[in-house]
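In terms of numbering that gives the first Met the number 0, the sequence shown opens at residue 0 and continues consecutively. To start, the structure itself, in structure tokens.
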Amino acid sequence: MELIIAPAAQLAILAADRFEAVLRAKPRAVLGLATGSSPLPTYDELARRHREGGLSFAQATGFTLDEYVGIDLDHPERYRNVIAREITDRVQWPAGQVSGPDGSAADLTAAAAAYETAIRDAGGVDLQILGIGSNGHIAFNEPLSALTSRTRSVPLTEQTRRDNARFFGGNLDLVPTLCLTQGLGTIMEAREIVLVATGAGKAEAIAQLVEGPISASWPATVLQMHPNTTVLVDKAAAAGLTRHRP
Ligand code: F6R
0 MELIIAPAAQ LAILAADRFE AVLRAKPRAV LGLATGSSPL PTYDELARRH REGGLSFAQA
60 TGFTLDEYVG IDLDHPERYR NVIAREITDR VQWPAGQVSG PDGSAADLTA AAAAYETAIR
120 DAGGVDLQIL GIGSNGHIAF NEPLSALTSR TRSVPLTEQT RRDNARFFGG NLDLVPTLCL
180 TQGLGTIMEA REIVLVATGA GKAEAIAQLV EGPISASWPA TVLQMHPNTT VLVDKAAAAG
240 LTRHRP
């Protein structure tokens, strides 16, 4: 695992550099997308490169990490809508080439299996961008998720719902309680992973991710076993590290 500590604005450039390198080498690349606030500056930078540098997503395929269950189809915080707004539409990525787990499916088990099949049929993810929850989750693999888990429905913890209430006008009651998420085993199959974290609220999770023991108590620690992961953090998110000094 490679760790880079840099100012927040620079992290987005470094993450966008990885997307650009993968896309230029392989225009038909399969890209793994995250929602939440951490990837937004990277998406801004990719949109700029598309606009000003002709970076093309026209042949790429995209897969999002997760989706709320029980959210209105046209809700602005439904992850499929977030991804369209924040990245897909801005880089003229054909909408049919970007998909997410179907949180609106009547049969969530079948939807989860179908999503695994779709990723596999596309050839697997070449580059996955991740954020990390303050409790160490990646995608919505909450603490005590099996380290080999696959796409499945998962109840959201109270802490994650509180963290995400800011996207729902601060109203915890409006935050869904269930989601469909790629598993840790699914994410681990991505050929390259870039995780971005900023701010003091991520310091404990980053300390565990980089220096802690591999444990389902801090699900992101499974990435210690991934052969090609870069962790991009600002100074505040790096503050809990004892062996790596900013
Ligand atoms: C989002 C996701 C989550 C977030 C995490 C951090 O698709 O899978 O794991 O990456 O909750 O969220 P932010 O970036 O908003 O702090």
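For every residue, glycine included, the Cβ atom is placed at its ideal position computed from N, Cα and C. No experiment lies behind these values; they were computed from the predicted model shown.
Quiz prompt | Contiguous alpha helix (DSSP H) assignments of at least 4 residues, all confined to the segment 59-104 | solution = 78-82
Exercise. Examine the Cβ distances between the segment 203-210 and the segment 236-243 and report whether three or more of them are shorter than 8 angstroms.
Key: yes
Exercise. Would you identify the three-state DSSP class for proline 218, choosing helix, strand or coil?
Key: Translated into the one-based positions of the sequence shown, residue 218 becomes position 219. Proline 218 falls in the helix class under three-state DSSP.
Quiz item: For leucine 2, which option in Gly52, Pro40, Ala94 and Leu208 has the closest C-alpha, if you only look at C-alpha atoms?
Solution: As a working mapping, residue 2 is identified with position 3 in the sequence shown. The residue with the shortest Cα to Cα distance from leucine 2 is Leu208.
Quiz item: Where alanine 15 and leucine 45 are concerned, what is the direct C-alpha to C-alpha distance, given to the nearest angstrom?
Solution: Against the sequence shown, residue 15 aligns to sequence position 16. Against the sequence shown, residue 45 aligns to sequence position 46. Looking at the two C-alpha atoms, the distance is approximately 6 angstroms.
Exercise. Consider the C-beta atom of leucine 231 and the heavy atoms of the ligand F6R; say whether any pair is separated by less than 6 angstroms.
Key: Counted from its first residue, the sequence shown places residue 231 at position 232. Outside the cutoff, so no.
Quiz item: Of all the options Ile82, Ile128 and Pro6, which has the alpha carbon lying nearest to the alpha carbon of valine 97?
Solution: By 1-based counting over the sequence shown, the position of residue 97 is 98. Looking at the Cα atoms, Ile82 is the closest of the given residues.
Practice problem: May I ask you to check if the CB of alanine 202 is nearer than 6 angstroms to at least one heavy atom of the ligand F6R? | Solution: The sequence position of residue 202 within the sequence shown is 203, counting from 1. No, the ligand F6R has no heavy atom inside 6 angstroms of this Cβ.
Self-check item: alpha helix (DSSP H) segments (min. 4 residues) lying fully within the segment 155-187
Solution: 157-163 and 183-187
Practice problem: Could you tell me the distance, in whole angstroms, from the CA atom of leucine 129 to the CA atom of glutamate 51? | Solution: Position 130 of the sequence shown, counted from the start, is the residue given in the question as residue 129. Position 52 of the sequence shown, counted from the start, is the residue given in the question as residue 51. Leucine 129 and glutamate 51: Cα-Cα distance of roughly 25 angstroms.
Practice problem: Measure the C-alpha to C-alpha separation of glutamate 246 and arginine 17 and round it to an integer number of angstroms. | Solution: Residue 246 lies beyond the residue range present for the chain, which begins at 0 and ends at 245; the question has no answer from this structure.
Practice problem: Indicate whether proline 218 and asparagine 163 have their beta-carbon atoms separated by less than 7 angstroms. | Solution: Reading the sequence shown from its first residue, position 219 is the one you call residue 218. Reading the sequence shown from its first residue, position 164 is the one you call residue 163. It is not a contact, given that the beta carbons lie outside the stated cut-off.
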